[in-house]
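In full-length UniProt numbering, the protein residues as written are 1 to 142.
In this text, a Cβ means the ideal position worked out from N, Cα and C, and glycines have one as well.
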């Protein structure tokens with residue numbers, strides 16, 4: 001009967017280190033709260049702020065609600081979810097009118113919601129938006 005050689009201390013520690021690093025990588029790709037995707041955008045109308053916050057041809061990011069609101073050159077408001085359609089990460093950066101996802105670098109046009117840089121392939125979800133008394137209201141029922 002042959003005995004199995006025991007693993008060296010170095011081999012055991014190397015395996016533990018690799019397992020730890022792999023676990024950290026997987027955790028980093030998950031959305032806050034441990035869910036596979038982040039909490040979606042508003043489920044009811046939400047007052048986002050003053051209509052004057054969004055310039056013509058510009059956009060305003062509302063991180064607390066996972067919403068971006070843009071205004072076309074013609075003055076039409078649009079609202080989009082800022083949950084990335086690639087892996088469900090909340091998008092927290094707006095450069096001019098380009099939204100940049102921190103997880104994998106996808107980029108979206110905040111005026112149209114369209115993908116401008118992969119890996120995402122689907123546009124952002126559009127949300128109902130309106131103005132009431134000079135305030136921007138977005139979400140279902142807006």
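In the structure shown, residue 81 falls within a strand segment according to DSSP collapsed to helix, strand and coil.
Annotated three-state conformation of residue 109 is strand, per DSSP. If you look at residue 130, you'll find it in the beta strand (DSSP E) that goes 129 to 132. For residue 104, the closest alpha carbon among the candidates 95, 94 and 118 is that of 118.
Taking the Cα of residue 132 as reference, the smallest distance to any Cα among 79, 42, 65 and 49 is reached at 49. Nearest to residue 122 by alpha-carbon distance, out of 65, 46, 137 and 88, is 88. In this structure, residue 60 places its C-beta atom within 8 angstroms of the C-beta atom of residue 69.
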